[in-house]
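Report on the following structure.
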Amino acid sequence: MERDFTPGFPGAEGEAGGPCSRFRVRLVDEPPEYAPPPFDGGEDGVSCGLQRLEFTLQSRGDSLRADGLFQPGDSLSNSYLKTFGHNTVDRVPRIDFYRNTGSFSGVKINRPSLADLHEDLKRDIVSVPGTVDGVANGEGAHEGGRKLAENKDELVRFGWIKGVLVRCMLNIWGVMLFIRLSWIVGQAGIGLGVIIVCLSTVVTVLTGISMSAICTNGVVRGGGAYYLISRSLGPEFGGSIGLIFSFANAVAVAMYVVGFAETVVDILKENNALMVDPINDIRIIGCITVVILLGITVAGMEWETKAQVILLIILIVGIANFFIGTVIPSTVDKRSKGFFNYQANLFAENFGPSFREGEDFFSVFAIFFPAATGILAGANISGDLKDPQVAIPKGTMLAIFVTTLTYIGVAICIGATVVRDATGSINDTITSSLNCNGSAACILGYDFSTCNAQVCNFGLMNNFQVMSMVSGFGPLITAGIFSATLSSALASLVSAPKIFQALCKDNIYKGLYFFGKGYGKNSEPIRSYILTFFIAVAFILIAELNTIAPVISNFFLASYALINFSCFHASYSKTPGWRPAFRFYNMWVSLLGTVLCCAVMFVINWWAAVITVAIVLFLNIYVIYNKPEVNWGSSAQAMSYVTALQDALSLTGVNDHIKNFRPQCIVLTGSPMSRPALLDLTLSFTKNFSLCICSQVFTGSRKQTVSDINLSMDKYQQWLAKNKKKAFYAAVAGDNLRDGVKCLLQASGLGRMKPNTLVIGYKRDWRTTGSQDVENYVGILHDAFDFEYGLVILRISQGLDITRMLQIQELQRKEQEKLALEAAKRDEQEDGKRRIRSLKFLNKAVKYSSNTVDANAQKDYKTSSGHTADFNQRLLEASTQFQKNQGKGTIDVWWLFDDGGLTILIPYLLTTRKKWCGCKLRIFIGGKLDSISEEKRAMAALLGKFRIQCADIKVIGDINMKPSKESWKTFEELIEPYQLHEGSKDPATAEILQKEYPWKITDAELERFKEKTYRQVRLNELLQENSRSANIIVVSLPIARKEAVSSYLYMAWLEILSRNLPPVIMIRGNQKNVLTFYS
């Protein structure tokens, strides 16, 4: 039996109000009792949607994000669907399963989870909001999906010609082509001039190749160079380049507009039509021009593109006009100004360089290179391209090729037709009676030798309007200049806001998020347009662009350098995700491109290059410090992994040495936040120094524990990172705690980075819990010694576990969320909205919930009254005591037994930390009354050899005395419930009791270890007497022999040893040296 079921989703309705699901699900062989839940967009759509959402949050554990977006989980669970004509949950490969992976926006369609395929298939079919299929099986999409596609088609998108080729050509064919290229040929000659063009092309081609590789390695979205660099090198470099590149484009608008205004003012001068004076006229014309350009851009990309096409036509006509002019026979006037059409001897004379006025090859190159900085014009609007992966490489590389040929062609033509110097006087001809000076002009009948003694106004070296003179119709060159300046200004006016919008949307710089908002179907960055407009106007009014121009050129070059480096870095990291479709690249060529770009930066202007590098580094450090919450899978992440792996492998070849010993700890915290004092103390001697692994053992049914582990791994590791705890998190499943810890002791670590110390909290509830729990706890201590681990046990009188308080806090948080959802629902109903649009109400809910929870965070632990509330407060304070500065105090070390030095090493490491540096070490050792001074000197000498300083050494001579009667009575009362008392019973009864209670303390055992028991009780008396005021006490941990000392007797030793004291650390090394006095 088959039928179609279309699950609705509130807020996703079409215009007609019908239910709108992205796909149709075909349910096959459903159970008779199955009925789809009513979930339409009717009158109670909001209420129904909220109920469903609340149910989903509770049953599936999905979370609400801060941005209000709800990510449904897998929606194909427990449903039969058609694949290959068969009923199966499995799905065929499909592109939709790979879209928006890890994204916080966009529709995410999920394939069946591994649990859906692996676990036992249940017959109850559950519908979940966002259920998807249909198209996955080749069926037609739902009407709502078609509407989404139609809306997408309505967006204005450009192909590679209009979107990339036209823009790049317009930017590269700049004012330099019409005004400065003739001067460059005059200075450098045709040969070096062509080399300058080709060298610039090498830089841009290498950058274009790198950019093509990056563009074809995945979907490219809006943001241009910022997007490419940030997704490759991460937000640190991407954020800095995005900001300076946006600023560079904004200032470039002013530069191009001023170039246009200067040309207009020159025309006004010639016609005596100045409005005020040249400077103010430039400002007036510039501001009017920027306003007109802003109107074109705000009108939409369609109008801006049409304007670009018109400007390109004018530009092409202007260039063609020049080439036509070179073959039109020159007039007498043009000859007097140095234009003689194509002449072989003129070509030969102009082929070599003739540097003047302190110019050289590099200075001329520095002047020309900014003409080549337009190759990113197409990439900068990547979000408005139909297929950026195809358009950017194709359009950019073709634009570089065409414009390079144009520059070379113009350079050769102008060098072969115009002399370097000309007077402009038609009377400077040579008669046959005069001797020729051998110059090309002389051979052609003109004597321009006077230019050697005085400055002439014409020729390649003196006249910037040579192209206008050579052309067939001069005004077309002027139109070409207008076209070049306006098109470049227009492109920059579009590029800067687009890049800035993408940067702001990523929220790398928190204060700039306001400018990320888009308007209209193309999400036009109106706010960024206005900001760019004001920046451009400001620089037009300042009118000091000659100073800022080198810095702007260096900003562009820094972007090129990082694009090249991104390609190199991605290739070098050898990440499997680096699979560009563009194959004509090489990582070493990209590295060469990086070096060339950096070199050109310093060639153009060294101080501008220094400023650029300083700004990039400053912004980089700022982003690193703020740690934006983004994960783009950058090559920097891949390289970090490769470096760590290589270092770990190389470390395996390094033999251990005592001098390099460091305590590498497994800390049995459970969840990292449940025992903060235990974790904080461990981090006090391991942070930035050695390995620390927070470990948790999940017990119970295998299915549940595996599920819990999968959910906890990322959650707790992120918690550690967020709270700046330098530790790893590891979780295992076991039948009981001891079995789980055994797995951790054997399998934790990697190569030489393997734990050697187990840190565990004292079992405070050993007298009230079951005997098996006590056996497991003591068994863990035995296992640690079996695997030759050092052992550290921390006891705090208030206890370590704050799980109950965390549960209270979580319950209150859920209650606040529930209240927030109800409040949001009421708001929606009051507003008269019957449909939920994009789940905006969740924004209100999350904000309200988070604010309320934050406000009541300190009240969570005071929900009970009287003694319980007071105890909770004291426990909370105790759990955070190691996060505070310990001030001036002492760390008392009772180094009673030599365990290899771990008992003295850990307290020494504590004193090297900032929070503990004010504490002094006091050393207590056992000894004989008749040799106290000798033993004190011996310990002082030993510590001196170890270079460990201490404030005092005290020898306890009466450590082996019997404890007081009161203390012994306290111990007897402590163990009374756990004694077997078999001596007072007949042998048969005693044997029965021993079998029934094998864990109890026998009279024989107590008698056998009476001396050791006395010592623990006596030690507590001495600790009370000498270390009551210490910040923390470190004492040698007594060892219980396996199968000889019962678990309860051992726990009684630990209890009486550490009772009623400040925080106590009981330490026992693995009896191997961890200290040495050899260098």
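Each residue of the sequence shown is one higher than the one before, counting from 1 in our numbering. We treat Cβ as the ideally placed atom computed from N, Cα and C, and that holds for glycine.
Sequence-distant residues of its chain with Cβ nearer than 7 Å to residue i (five each side left out)
i, result
"residue 390", "160"
"residue 284", "275"
"residue 1073", "658, 900, 901"
"residue 321", "471, 472, 473, 476, 477"
"residue 689", "662"
"residue 1040", "1050"
"residue 801", "674, 675"
"residue 1055", "974"
"residue 1078", "none"
"residue 334", "469"
"residue 634", "231, 232, 233, 234"
Within 9 Å, strictly: CB atoms of residue i and residue j
i, j, result
"residue 358", "residue 378", "no"
"residue 494", "residue 381", "yes"
"residue 253", "residue 489", "yes"
"residue 927", "residue 935", "yes"
"residue 677", "residue 709", "no"
"residue 1028", "residue 1063", "no"
"residue 1046", "residue 1000", "yes"
"residue 562", "residue 612", "no"
"residue 903", "residue 1069", "yes"
"residue 918", "residue 957", "no"
"residue 287", "residue 540", "yes"
"residue 932", "residue 896", "no"
"residue 232", "residue 570", "yes"
"residue 567", "residue 824", "no"
"residue 187", "residue 410", "no"
"residue 684", "residue 894", "no"
"residue 631", "residue 510", "no"
Heavy atom of the ligand SAH within 8 Å of residue i beta-carbon
i, result
"residue 346", "Among the components of this structure there are no ligands whatsoever, and the ligand SAH is therefore not found."
Sequence-distant residues of the same chain with beta carbon closer than 6 Å to residue i, five excluded per side
i, result
"residue 727", "692, 694, 720"
"residue 399", "165, 168, 169"
"residue 468", "474, 477"
"residue 1080", "Lying before the first or after the last residue shown, residue 1080 is absent from the chain, which here runs from 1 to 1079."
"residue 787", "745"
"residue 737", "697, 776"
8 Å contact criterion, which residue i and residue j should meet: CB distance rounded
i, j, result
"residue 784", "residue 794", "14 Å between Cβ atoms; not a contact."
"residue 1085", "residue 235", "Nothing in the structure corresponds to residue 1085, since the chain is present only between 1 and 1079."
"residue 740", "residue 733", "7 Å"
"residue 220", "residue 227", "6 Å"
"residue 753", "residue 651", "7 Å"
"residue 204", "residue 310", "Not a contact, Cβ separation roughly 26 Å."
"residue 211", "residue 552", "The Cβ separation is near 20 Å, so there is no contact."
Span of the beta strand (DSSP E), counted from its first residue to its last, around residue i
i, result
"residue 925", "919-926"
"residue 276", "Run containing residue 276: none; DSSP gives neither H nor E here."
"residue 903", "No beta strand (DSSP E) contains residue 903, which is instead part of the alpha helix (DSSP H) from 902-911."
"residue 769", "Here residue 769 belongs to no beta strand (DSSP E), and DSSP marks it neither H nor E."
Own chain residues within Cβ distance below 8 Å of residue i, not counting five before or after
i, result
"residue 401", "none"
"residue 1059", "1020"
"residue 479", "314, 317, 318"
Boundaries of the alpha helix (DSSP H) in which residue i is found, first to last residue
i, result
"residue 183", "181-215"
"residue 240", "235-270"
"residue 607", "606-626"
"residue 1036", "Per DSSP, residue 1036 belongs to no alpha helix (DSSP H); it is in the beta strand (DSSP E), 1032-1036."
"residue 1053", "1047-1058"
"residue 303", "301-327"
"residue 456", "Note, residue 456: premise wrong, no alpha helix (DSSP H); not H, not E."
Minimum Cβ-Cβ distance from residue i to chain C less than 9 Å
i, result
"residue 987", "This model lacks chain C altogether, as it is built from one protein chain only."
- [ ] Check whether the segment 159-176 touches the segment 525-544, counting contact only when three or more Cβ pairs, one atom from each stretch, lie closer than 8 Å.
- [x] no
Task: Any 3 or more C-beta pairs closer than 8 Å across the segment 580-588 and the segment 517-526 - done: no
- [ ] Take every Cβ of the segment 406-426, pair it with every Cβ of the segment 332-345, and state whether three or more of those distances are shorter than 8 Å.
- [x] yes
TODO: Spell out a yes or no on whether the segment 180-192 and the segment 321-333 are touching, meaning 3 or more CB-CB pairs, one atom from each, closer than 8 Å.
DONE: no
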